[in-house]
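Spelled out as structure tokens, the structure:
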């Protein structure tokens, strides 16, 4: 969790449609902004692409989780059937891999799904008890409903309160607000 | 909405681009080249046996594209969706290749006595004599007698012609109604949607039943003793697999020029990639369940079918089949980037069609006495390359002609406006 800070977190602009948000975000990214983020009430993949989010780590986590599930279940079945508790089932060899496939498959899916869900939550920085954006009044009323937000953060070297506000105003948003920590 | 001004407009000319003619010319050249090769191979081998075995592979591939295309066309009429609008005209073009497939089938039907044991030895006396001569396993005699009411030459011809007539009827209705729908005024669109839905919903049930009957006749009955209740479904899903691969190749290749340059968005390409991925998964699911059930049962009536396909060198082929048919397309299609990349997705789709042909080789060849549990090379094995390539190439030429015969985009559809919007404007 980040250290508590004093001062300004950034400047946030509210847009009416995802199209406007994506165009503004893309222009800001092209102009050299990097400490920035988009906030939307539902996933807008193009907004993520516009601020340079080409890849994320969720697919990798899913793959690793899936492989873990696969290896874990297949080894468990092999160990149980050949070493721990070998049974004669219809005269088949104790190492009967075709019979192991279905539980192995189920565990692969289960581990991959859980890794994707929990990995996504962890990569999003959740659970989180505090976020400065909730200090912005327009954000509180619109972010979960039907408004689209672009925040340029104070940590970016290009940041200057007056210039950044003027820059965001140039995209004709509904409103531009300073965000305090 | 403020994004409306960013919408694209559909080009005035919706006909197929000129390069489809080049495709057709190339396909015809390949067809001629491989037909000659196939005939030369048969003469060199001094036997036409493998030529007609490979003919079954070619027939199943082209039948899969044609009637699989018709089935997918009916699915998109029932389900709706932007992917369906995108594929509608290419799928209609595939379904109109039915006369060519019928011609291929007539050749098979004429050769029925040299390919199928039940046709070569139709009575108990003949079958017993064949067992003595070593041409037939003993278990086949009972199966031939028991299954004679279904597996006889008259029933083969009769049911085949009936099924082709039914498929022809649906092809005709789906294609002619689609043109009438585009000519009609926009206000009637909801009526047309319902009408196509009603035709297609029932049609899908009819198709699933008729195609199951036909794959039993054409492929499963090559081994007269064996049966599997999932067989029809396995081929139905296989048709979805190959038809979606061909659809991807078609729309991505067409997108080099108008009108598909305008209508093919990355979103729908991605959706089609995901749909294809689902079929890759369903295909292995059914194939593996069939294997697992028969392997677990370990019954002498069934297990020999797999023994014929695992032992005597065939293990190499089934391992490769597993890699080609499932593992490679599955691993590649997992990737979001590959599904959104035109060049790479087209490579995966081409690979999938090759893999389907490879799978059919494994299904067909071990049915015959000389090849069961005995994978061996002869010139005849090369027929499995020459004949299907020639048949599919001729089919592709036919398909290109059909693509050219109509506008490539269906216009009387509510999804058309959506497909012309920029991709991030789904608010």
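Chains as they are written, first to last, in my numbering: chain A, 1 to 181; chain B, 1 to 427.
Cβ coordinates follow ideal geometry from the N, Cα and C atoms, glycine included.
As the structure is a computational prediction, the values presented were derived from the model and not from experiment.
* Return the chain-ordered list of same chain residues with a C-beta closer than 8 Å to the C-beta of residue 415(B), the five sequence neighbours on each side being excluded. => Here residue 415(B) corresponds to residue number 415 of the second chain, with the count starting at 1. Result list for residue 415(B): 80, 81, 82, 84 and 85, in chain order.
* Could you tell me which residues DSSP puts in a beta bridge with residue 151(A)? => By 1-based counting over the first chain, the position of residue 151(A) is 151. Looking at the DSSP assignment, residue 151(A) forms a beta bridge with 12(A) and 37(A).
* When DSSP labels each residue in this structure, what does residue 219(B) get in the three-state scheme? -> Translated into positions along the second chain, residue 219(B) becomes position 219. Three-state result, residue 219(B): coil.
* To do: Please compile the residues from chain A whose C-beta is within a distance smaller than 9 Å of the C-beta of residue 83(B).
  => Here the question's residue 83(B) lines up with position 83 in the second chain. Near residue 83(B) there are no residues of chain A at all, since even the closest Cβ is about 18 Å away, more than 9 Å.
* CA nearest to the CA of residue 484(B), picked from 320(B), 61(B) and 220(B) -> Because chain B spans 1 through 427 in this model, residue 484(B) falls outside it and cannot be assessed.
* To do: Check whether the region 116–123 of chain B touches the region 174–182 of chain B, counting contact only when three or more Cβ pairs, one atom from each stretch, lie closer than 8 Å.
  => no
* Given a cut-off of 9 Å, decide if residue 150(A) and residue 31(A) are closer than it, judged by their beta-carbon atoms. => By 1-based counting over the first chain, the position of residue 31(A) is 31. By 1-based counting over the first chain, the position of residue 150(A) is 150. The answer is no: Cβ separation not under 9 Å.
* Asked: Is residue 407(B) helix, strand or coil by DSSP?
  -> Position 407 of the second chain, counted from the first residue, corresponds to residue 407(B). The answer is coil: DSSP assigns residue 407(B) none of H, G, I, E or B.
* CA-to-CA distance, residue 348(B) to residue 28(B), given in whole angstroms -> For the purposes of this step, residue 28(B) is identified with residue 28 of the second chain, where counting begins at 1. For the purposes of this step, residue 348(B) is identified with residue 348 of the second chain, where counting begins at 1. When rounded, the distance between both Cα atoms is 24 Å.
* To do: Return the bridge partner residues of residue 159(B) from the DSSP annotation.
  => In the second chain, the residue the question calls residue 159(B) occupies position 159. None; residue 159(B) has no bridge partner.
* Quick one: does the C-beta of residue 175(B) sit closer than 8 Å to a heavy atom of the ligand PLP? -> With respect to the ligand PLP, the structure shown offers nothing to examine, as it has no ligands at all.
* Asked: Along chain A, in chain order, which residues have C-beta atoms closer than 8 Å to that of residue 430(B)?
  -> The structure shown does not extend to residue 430(B), since chain B is modelled only from 1 to 427, so the question has no answer here.
* First and last residue of the uninterrupted alpha helix (DSSP H) at residue 418(B) -> Reading the second chain from its first residue, position 418 is the one you call residue 418(B). 415–419 is the extent of the alpha helix (DSSP H) around residue 418(B).
* Asked: Rounded to a whole number of angstroms, what is the C-alpha to C-alpha distance between residue 387(B) and residue 51(B)?
  -> Reading the second chain from its first residue, position 387 is the one you call residue 387(B). Reading the second chain from its first residue, position 51 is the one you call residue 51(B). Their backbone Cα atoms lie some 7 Å apart in a straight line.
* Asked: What residues from the region 137–155 of chain B come within 7 Å of chain A, judged by C-beta to C-beta, listed N to C?
  -> none
* Can you tell me the Cα-Cα spacing of residue 169(B) and residue 65(A), whole angstroms? -> Translated into positions along the second chain, residue 169(B) becomes position 169. Translated into positions along the first chain, residue 65(A) becomes position 65. Roughly 50 Å between the two C-alpha positions.
* Asked: Any C-beta of chain B sitting closer than 9 Å to the C-beta of residue 63(A)?
  -> One-based indexing of the first chain puts residue 63(A) at position 63. Closer than 9 Å to some Cβ of chain B, the Cβ of residue 63(A) qualifies, so yes.
* **N-terminal and C-terminal residue of the alpha helix (DSSP H) that residue 301(B) is part of** => Translated into positions along the second chain, residue 301(B) becomes position 301. It spans 300–310 - the alpha helix (DSSP H) in which residue 301(B) sits, taken as one unbroken run.
* To do: Following the continuous alpha helix (DSSP H) through residue 230(B), name the residue where it begins and the one where it ends.
  => Your numbering for residue 230(B) matches position 230 in the second chain. Residue 230(B) -> no alpha helix (DSSP H), and no H or E assigned at all.
* Asked: Are the C-beta of residue 59(A) and some C-beta of chain B separated by less than 9 Å?
  -> In the first chain, counting from the first residue as 1, residue 59(A) sits at position 59. Yes, residue 59(A) lies at the interface with chain B (some Cβ there is under 9 Å from its Cβ).
* For residue 178(A), the residue or residues it bridges with in DSSP -> The residue labelled residue 178(A) in the question sits at position 178 within the first chain. The partner list for residue 178(A) (beta bridge, DSSP) reads 11(A).
* Asked: Which of the three DSSP states, helix, strand or coil, is assigned to residue 7(B)?
  -> Numbered from its first residue, the second chain carries residue 7(B) at position 7. Of the three classes helix, strand and coil, the one that applies to residue 7(B) here is coil, per DSSP.
* Rounded C-alpha distance that separates residue 137(A) from residue 423(B) -> Taking the first residue of the first chain as 1, we reach residue 137(A) at position 137. Taking the first residue of the second chain as 1, we reach residue 423(B) at position 423. Distance between the alpha carbons of residue 137(A) and residue 423(B) is about 30 Å.
* Along chain A, in chain order, which residues have C-beta atoms closer than 8 Å to that of residue 157(B)? -> Position 157 of the second chain holds residue 157(B). Simply none; closest approach about 40 Å.
* How many angstroms separate the CA atom of residue 77(A) from the CA atom of residue 83(A)? -> Position 77 of the first chain holds residue 77(A). Position 83 of the first chain holds residue 83(A). Those two C-alpha atoms are separated by around 10 Å.
* To do: Indicate whether at least one CB of chain B lies closer than 9 Å to the CB of residue 46(A).
  => Sequence index remark: in the first chain, residue 46(A) carries index 46 (1-based). So yes, residue 46(A) belongs to the interface.
* Which bits of chain B does residue 90(A) rub up against, with CB to CB less than 7 Å? -> For the purposes of this step, residue 90(A) is taken as the residue at position 90 of the first chain. Those within 7 Å of residue 90(A) in chain B are 298.
* Asked: If you run the structure through DSSP and keep just helix, strand and coil, what is residue 255(B)?
  -> The residue you call residue 255(B) lines up with position 255 of the second chain. Coil at residue 255(B), not helix or strand.
* To do: May I have the straight-line CA-CA distance separating residue 17(B) from residue 190(B), to the nearest angstrom?
  => Start at 1 with the first residue of the second chain, and residue 17(B) comes out as number 17. Start at 1 with the first residue of the second chain, and residue 190(B) comes out as number 190. So the alpha carbons of these two residues sit roughly 31 Å apart.
* What did DSSP end up calling residue 150(B) once you bin it into helix, strand or coil? -> Along the second chain, one-based indexing puts residue 150(B) at 150. Looking at residue 150(B) - three-state DSSP - the assignment turns out to be coil, as it is neither helix nor strand.
* Asked: Going by alpha carbons, who is nearest to residue 357(B) out of 274(B), 60(B) and 286(B)?
  -> Indexing the second chain from 1 puts residue 357(B) at position 357. For the residues 274(B), 60(B) and 286(B), the minimum Cα distance to residue 357(B) belongs to 60(B).
* How long is the line joining the alpha carbons of residue 428(B) and residue 74(A), rounded to whole angstroms? -> Residue coverage of chain B in this structure runs from 1 to 427, which leaves residue 428(B) outside it and unanswerable.
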